[in-house]
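Here is the structure:
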C-alpha cells in the first residue's frame with residue numbers, strides 16, 4: 014500500500030465549507046436543518062457523487078455516501094461525523110471527521126483502489142443538539158436509543174419541528190433509520206480539550222467516552238429590596254448558587270484528574286440590580302469514565318449542597334435530567350489505530366473523550382472507535398477553535414492507514430482477490 | 014384640632030386601585046406609562062377633582078392635585094409618592110404615599126377645614142425605573158438632576174420612548190418640569206425592610222437615605238467544552254462571578270449593620286449546559302448612610318476581587334454606572350413627625366432609608382422628609398408585600414397630624430386668621 018491522502022485538498026475543502034455559515038470571527042454558525050445545513054449537505058452530496066459514490070438518505074436526514082468494494086455483501090466500513098455546528102462553533106468540530114472521510118474517498122478514487130468492503134462516509138444529523146435537543150439525535154435513533162417519531166417531533170426554540178425543517182431543506186429520505194450491519198465505524202475528531210497539545214502528542218487513541226450526567230437545580234430564597242433588607246435578614250438565592258458553583262468545582266477537582274464538573278447555565282430571577290434574587294436556576298454537568306465514581310460524585314455534591322444551603326436558609330430541588338453511561342470503544346479497532354500511528358511515525362497516547370460523539374451511540378450497534386487530533390489551546394464550541402495543517406494531515410493519514418489495514422483484515426466472501 | 018383620617022376609606026382605596034394591574038398572587042404589575050398606569054392616573058384625577066381639587070400635569074406627567082389654602086401665595090405643602098410599580102410589585106410601595114395624601118384631602122374636605130397653605134398631593138412619574146431607567150426620573154427632573162429631554166428620550170426594552178408613551182396615555186402636560194417653591198414635602202412609605210417590624214415599632218422617622226452606588230462588572234475567562242477541558246485547564250468566568258458574589262456579601266457584612274451589598278443581576282454567556290462560561294456580567298449595588306464608608310467599601314471590594322480573579326486567571330472590567338450621595342432629610346420636619354407620633358401614642362424610632370425615593374431628590378430643592386410604616390417580613394418589590402390595616406392607619410394618621418401641625422406653623426401672608 015502506498016496510498017497517501019492529499020492534505021492540501023482536505024484543508025481546502027475544510028476552508029471552502031467553512032464559508033457556509035461562516036462567521037466574522039472565523040467560526041461557523043450552521044445549525045442543524047437550517048438553510049446553511051442544506052447548503053453544506055448539497056456540497057457534500059455533490060462532492061461524493063462526483064467520485065462515483067451513491068448518496069442515500071434516511072428518514073432522519075443521515076447521509077451515507079457509499080463507495081462499493083470488491084464484496085458488496087460485506088458490511089460497510091463507515092467513516093463519519095457531523096456537518097452541523099454550535100451557534101458560534103468552530104471549523105473543525107465534526108466537519109473534520111466527515112471531510113477526512115471524503116478525502117479518503119478522493120484518495121481511493123484517484124488511485125483506483127478497490128477495498129474489500131464497501132466504504133461509506135456518513136454525515137449524522139443534529140449532533141450538536143444546539144437547535145434540537147438532545148444532542149446526537151439521529152445517530153442515537155440509528156442505534157435504537159431514540160424513537161424515530163420522538164426525533165421528528167423535537168422542536169427548536171421558535172417552535173419549528175425537526176420533521177418540518179428536515180422536509181423543508183429536502184433531506185427527509187425514505188430509508189428507515191435503523192442499525193444496519195457495519196464492519197467498523199471510525200470517527201476522526203479534534204480532541205476539544207488541551208491534553209494532546211499540552212503533551213505534544215499527534216494522535217489520541219480514544220478508548221472510550223466519559224459517563225455524563227446532567228442535573229437541573231432550582232434554589233429558592235426570598236426576593237426582597239436590595240436597599241432596605243439588612244444583610245442578616247436576607248435569603249439570597251444567588252449566594253446559594255455561588256456556593257453551588259464552588260462545590261461543583263470542588264467535587265471535580267477532588268475526583269481529578271479524570272473527573273470534570275461544570276455549571277454552564279445560571280438564570281437569576283428577577284435579575285434586577287436592586288432586588289435580592291429570590292430564585293436561581295442552574296445546570297450541573299458531571300463526567301467521569303467510571304460510572305461508580307460518578308455515583309460517588311453525585312452523592313458528595315448534593316450532600317454538601319444540602320448542608321451549605323441549609324446553613325443560609327435556602328431551599329432547593331434537584332433533578333437528574335439526562336445521563337449517558339460511560340462508553341468503551343472496541344479494543345480491536347483501537348489497536349488498528351495504534352499500529353497506524355506507529356507505522357506513520359506519529360506519537361500517540363490513549364485518551365478518554367470528555368465529550369459525547371455520534372460514535373458513542375454507534376458503538377452500541379457496531380464495532381466503533383475514534384481518533385483524536387490536538388486542537389489549539391483545547392478550545393472548541395468556539396469560533397476560535399483551531400488546529401494546524403500538519404495536525405489535520407496527520408489525523409487524516411492515520412484514518413486512511415487504519416481503514417486500509419482494517420479493510421485488509423476483512424475476508425471477501427464472494428470475490429476472489 | 015380633632016381631625017381624623019378614615020382608615021377604612023384609605024384601605025378600600027388601596028384595595029380598589031390594586032385591581033388596576035392586579036396580579037393573581039395579589040400584587041400589582043403597573044409599569045410606568047402603560048395602559049394600567051393611565052387607568053390609575055384617571056382614577057386618582059377623578060377622585061381628587063371630586064373633592065374640589067385642581068389637577069395639573071407637567072411635561073413629564075407628574076400630577077399635582079391642589080387644594081387651596083387660606084393664603085394661596087404660600088408655597089404648597091406637598092404630600093406624595095408614586096403610583097407605578099415593579100413588574101411583580103406589591104400593593105403599597107408608592108401607592109400608600111399617594112393614597113394617604115388623597116385620604117388627607119378627603120378628611121380636610123369632609124371637615125371643611127381650611128389649611129393656611131395650599132396642599133398638593135403629588136404622583137411622580139416612573140419612580141420604579143422598572144420600565145424606563147434610571148429610577149425616579151421625573152422627580153429627579155423636577156429637582157434639576159435630569160434634563161427634561163433626557164427623560165423624554167428614555168426608551169423601554171421594546172424601544173418605546175417615554176415621550177411617545179406619555180403622549181399615548183394622555184398625560185403629557187404643558188407645565189414646565191421645574192422646582193417650584195414648596196413649604197414642605199412629606200412622603201409616607203412602607204419601610205421595605207424588616208427593622209420596624211422586628212422591633213415592633215409603629216413609625217419610622219426617616220432622617221436620610223443611604224448613599225448608593227451601582228457597578229457593572231464583566232468577568233472574562235475562556236469559553237470551552239465542559240466535557241473535554243480538564244479542571245486544571247479551565248478559565249471559568251462563572252467561578253469568578255461566584256467569588257464576586259461572596260466578596261460582595263462579605264463587604265456588606267463587614268461594614269454592618271448599616272451597610273448593604275447586593276449582586277442583583279447575573280448574565281452568563283453562552284449559558285449552555287455543556288459549555289464552560291467564557292463571560293459573566295454582574296451588577297453590584299452598595300449602600301451606606303456615610304459616603305466615606307462607601308468609598309472604603311468600594312476600595313476593599315475591588316481590591317479583593319482583583320486578587321481573587323487573578324488567582325484563577327480571569328480578567329475583569331468594572332465601572333461605577335450610577336451613584337446617589339447620602340441624603341439627609343430636613344431635621345425640622347423630622348421633629349414634626351416625632352411629635353405627631355408621640356401625640357398619637359405611637360412608638361417610633363429614627364431610621365435611614367435603604368431604598369431610593371422621590372423624596373430624596375425633592376430634598377435637594379425643598380424641605381423634605383419621609384415617614385415609614387412597617388411591612389410584613391420586610392418584603393417589598395414583591396407581590397407578597399403587605400402591611401396590616403392598623404399599620405396603614407397609623408401611618409396616615411401621623412401624616413395628617415404632621416401636615417396639620419406644620420401647616421399651623423406657616424404664617425398666612427395676606428389673610429387674617
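Residue numbers (my numbering), protein chains in the order written: chain S, 14 to 430; chain V, 14 to 430. We treat Cβ as the ideally placed atom computed from N, Cα and C, and that holds for glycine. All figures in this text were calculated on a predicted structure; none of them were measured in a lab.
Min CB distance residue i to chain B below 7 Å
i: residue 330 of chain V; result: The chain inventory of the structure shown lacks chain B, comprising the protein chains S and V.
Cα-Cα separation, residue i to residue j
i: residue 142 of chain S; j: residue 394 of chain S; result: 12 Å
i: residue 214 of chain V; j: residue 224 of chain V; result: 24 Å
i: residue 138 of chain V; j: residue 335 of chain V; result: 20 Å
i: residue 83 of chain V; j: residue 128 of chain V; result: 6 Å
i: residue 430 of chain V; j: residue 131 of chain V; result: The predicted position of residue 430 of chain V is uncertain, since its pLDDT is 46 and thus under 50; a value taken from the coordinates is nonetheless stated next. For residue 430 of chain V and residue 131 of chain V, the distance between alpha carbons rounds to 15 Å.
i: residue 274 of chain V; j: residue 407 of chain S; result: 55 Å
i: residue 46 of chain V; j: residue 318 of chain V; result: 40 Å
i: residue 173 of chain S; j: residue 163 of chain S; result: 14 Å
i: residue 387 of chain V; j: residue 217 of chain V; result: 8 Å
i: residue 183 of chain S; j: residue 242 of chain V; result: 37 Å
i: residue 271 of chain S; j: residue 370 of chain V; result: 54 Å
i: residue 26 of chain V; j: residue 55 of chain V; result: 14 Å
i: residue 425 of chain S; j: residue 80 of chain S; result: 16 Å
i: residue 53 of chain V; j: residue 167 of chain S; result: 45 Å
i: residue 254 of chain V; j: residue 295 of chain V; result: 7 Å
i: residue 208 of chain S; j: residue 391 of chain S; result: 7 Å
i: residue 410 of chain V; j: residue 121 of chain V; result: 13 Å
i: residue 368 of chain V; j: residue 282 of chain V; result: 30 Å
i: residue 190 of chain V; j: residue 382 of chain V; result: 21 Å
i: residue 314 of chain V; j: residue 298 of chain V; result: 12 Å
i: residue 362 of chain V; j: residue 279 of chain V; result: 36 Å
i: residue 113 of chain S; j: residue 150 of chain S; result: 22 Å
i: residue 338 of chain V; j: residue 228 of chain V; result: 15 Å
i: residue 103 of chain V; j: residue 400 of chain V; result: 10 Å
i: residue 303 of chain V; j: residue 226 of chain V; result: 12 Å
i: residue 413 of chain V; j: residue 232 of chain S; result: 44 Å
Contacts of residue i in chain S (Cβ-Cβ under 9 Å)
i: residue 386 of chain V; result: Near residue 386 of chain V there are no residues of chain S at all, since even the closest Cβ is about 13 Å away, more than 9 Å.
i: residue 47 of chain V; result: Going along chain S, no residue has its Cβ under 9 Å from residue 47 of chain V, so there is no contact; the nearest lies around 18 Å.
i: residue 227 of chain V; result: 286 and 287
Interface residues of chain S facing residue i [CB-CB closer than 7 Å]
i: residue 302 of chain V; result: Simply none; closest approach about 11 Å.
i: residue 223 of chain V; result: 240
i: residue 265 of chain V; result: 244
Interface partners of residue i on chain V, CB under 7 Å
i: residue 80 of chain S; result: The contacting residues do not exist; residue 80 of chain S stays about 32 Å from chain V at best.
i: residue 246 of chain S; result: 207 and 391
Residue interval of the beta strand (DSSP E) (run including residue i)
i: residue 158 of chain V; result: Careful: residue 158 of chain V lies outside any beta strand (DSSP E) and carries neither H nor E.
i: residue 219 of chain V; result: 216–222
i: residue 277 of chain V; result: 273–282
i: residue 308 of chain V; result: Careful: residue 308 of chain V lies outside any beta strand (DSSP E), inside the alpha helix (DSSP H) at 304–324.
i: residue 78 of chain V; result: 76–80
i: residue 235 of chain S; result: Looking at the DSSP string, residue 235 of chain S is not in any beta strand (DSSP E), and its letter there is neither H nor E.
i: residue 332 of chain V; result: 328–337
Amino acids of chain V, ordered along the chain, whose beta-carbon sits closer than 8 Å to that of residue i
i: residue 252 of chain S; result: 258, 259 and 262
i: residue 298 of chain S; result: 239, 240, 286 and 287
i: residue 366 of chain S; result: 240 and 241
i: residue 269 of chain S; result: 243, 244 and 245
i: residue 424 of chain S; result: Going along chain V, no residue has its Cβ under 8 Å from residue 424 of chain S, so there is no contact; the nearest lies around 37 Å.
Start-to-end residues for the alpha helix (DSSP H) that takes in residue i
i: residue 349 of chain V; result: 344–356
i: residue 62 of chain V; result: 48–62
i: residue 26 of chain S; result: 20–31
i: residue 451 of chain V; result: Nothing in the structure corresponds to residue 451 of chain V, since chain V is present only between 14 and 430.
i: residue 298 of chain V; result: Segment 292–301 is the beta strand (DSSP E) holding residue 298 of chain V; no alpha helix (DSSP H) there.
i: residue 371 of chain V; result: 371–375
Within chain V, partners of residue i - CB distance below 9 Å
i: residue 392 of chain S; result: 235, 236, 237, 238 and 242
For the region 317–325 of chain V against the region 350–370 of chain V, do three or more pairs of beta-carbon atoms, one drawn from each stretch, fall closer than 8 Å, so that the two count as touching? no
Flag this pair as touching only if the region 197–206 of chain S and the region 87–99 of chain S have three or more C-beta atom pairs under 8 Å; answer yes or no. yes
Please go through the region 82–116 of chain S and give each complete beta strand (DSSP E) segment of 3 or more residues, from N-terminal end onward. 90–94
Touch check for the region 280–290 of chain S and the region 240–253 of chain S: three-plus C-beta pairs under 8 Å? yes
Under 8 Å, with one C-beta from each stretch per pair, do the region 301–311 of chain V and the region 373–380 of chain V reach the 3-pair mark? no
Return the chain-ordered ranges of every beta strand (DSSP E) run that is complete within the region 171–226 of chain S and spans a minimum of 3 residues. 197–203 and 216–222
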